[in-house]
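Residue numbers (my numbering): 1 to 346. Comments concern the structure below.
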Ligand SMILES: NC(=O)c1ccc[n+]([C@@H]2O[C@H](COP(=O)([O-])OP(=O)(O)OC[C@H]3O[C@@H](n4cnc5c(N)ncnc54)[C@H](O)[C@@H]3O)[C@@H](O)[C@H]2O)c1
């Protein structure tokens, strides 16, 4: 039996969709991107240069009004527009794949979960770090029981600058709060946070945080540290845009051993000794094109199974809550702030 092609449109044809999502879609037989909306004329041209058959629009609204045969939309604009574009897509009966963070504000995130439920359409966040080969390998090591029960994490994300958007639009939008919604915690916090949920097998119940802005030219933080309390342990996270180097260093501490990740290099210490090996994950390629299809398969599975408010979406909501509660903590002398894990609004 032949499977029907899943038809999609991309809203925001910038760095991540141009270099990460679109080439991955082109490699798939089950999915076709038929239209693109971007407010920047040069980015619409960039899309047409990759596929002249695309129908292009200068706004999401015009695309939604004209395209009647879509199955899903891929939202790759800056965060402040994620919520409204996702709502417009759901109102037209489309499934939604949305870049992180899910939304820039917590009320928008809550409304999106409610709307996905009402519309019976999937909303799925791009939590692509879970699909890095190194992370998948570490998940398997944890599941094997080699390091015992995980109770502690440190996650350090080092960058030598804020991530840049495409040159043709506003390359420094991540440092401008009205477009980004916040600094490095808003931009990158989701990746750190959902990995902690994954490895500690729970949602955190409290956060204490500190933001620092070293480069005072901008109104968003470039350094962010926090401690998260879980029913199963704790996590310590540091995110910086001023590290002078680009890399991730994570440690996972268990009851009988530990794992250290330094980009592609993994070290596992357990009662049987220490082993070191590498898994090519291409951390340096910020498009993470090689991780996309595994994540997109998960999105498609949710669509097939009708998992509208799926576990990834709930995690995305919790990430947005965490980002805002962490900002609250930092603004109040790093006071510990409680997190709601109940989803009682659903
Ligand atoms: N998951 C990841 O690893 C990863 C990596 C990079 C970026 N991202 C996310 O992707 C999103 C975009 O980031 P980017 O680096 O590609 O930015 P970018 O600046 O390169 O691209 C944004 C594009 O959106 C367009 N745009 C802006 N507002 C729009 C609107 N209202 N309607 C239509 N088009 C609009 C701009 O013209 C631009 O082409 C952000 O949410 C970011 O956090 C995720």
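Ideal Cβ positions, reconstructed from N, Cα and C, are used throughout, including at glycine.
{"Check": "In the structure shown, what three-state DSSP assignment does residue 236 receive?", "Outcome": "strand"}
{"Check": "Skipping 5 residues on each side, what residues in its chain have a beta carbon closer than 8 Å to that of residue 196?", "Outcome": "153, 155, 204, 228, 230, 235 and 237"}
{"Check": "Runs of 4 residues minimum, wholly inside the region 109-196: which ones carry the alpha helix (DSSP H) assignment?", "Outcome": "133-144 and 177-180"}
{"Check": "Under the DSSP definition of a beta bridge, which residues are partnered with residue 226?", "Outcome": "209 and 237"}
{"Check": "With 16 other CB atoms within 10 Å as the buried threshold, where does residue 116 fall?", "Outcome": "buried"}
{"Check": "Which of the three DSSP states, helix, strand or coil, is assigned to residue 97?", "Outcome": "strand"}
{"Check": "What are the boundary residues of the beta strand (DSSP E) that residue 275 is part of?", "Outcome": "273-278"}
{"Check": "Run the proximity test for residue 130: is its beta-carbon closer than 7 Å to any non-hydrogen atom belonging to ligand 1?", "Outcome": "no"}
{"Check": "Below 8 Å, can you find three or more Cβ-Cβ pairs linking the region 170-183 to the region 306-319?", "Outcome": "no"}
{"Check": "Exposed or buried, which one is residue 346 when buried takes at least 16 other CB atoms within 10 Å?", "Outcome": "exposed"}
{"Check": "Buried or exposed: which applies to residue 79, given that a residue is buried once 16 or more other Cβ atoms fall within 10 Å of its Cβ?", "Outcome": "buried"}
{"Check": "By Cβ distance below 7 Å, which residues in the same chain neighbour residue 149 in space, the five residues on each side in sequence not counted?", "Outcome": "254 and 255"}
{"Check": "To test your reading of the DSSP string, which unbroken alpha helix (DSSP H) runs of 4 or more residues are found completely within the region 251-315?", "Outcome": "289-305"}
{"Check": "Could you check whether residue 138 and residue 261 sit closer than 8 Å to each other, using their CB atoms as the reference points?", "Outcome": "yes"}
{"Check": "Alpha carbon to alpha carbon, how far is residue 207 from residue 300? Give it in angstroms, no decimals.", "Outcome": "33 Å"}
{"Check": "Tell me whether residue 348, by its Cβ, gets closer than 7 Å to a heavy atom of ligand 1.", "Outcome": "The first residue shown for the chain is 1 and the last is 346, placing residue 348 beyond what the model contains."}
{"Check": "Assuming residue 103 and residue 113 form a contact by the criterion Cβ under 8 Å, report the distance between their Cβ atoms to the nearest whole angstrom.", "Outcome": "Not really, about 10 Å apart at Cβ, beyond 8 Å."}
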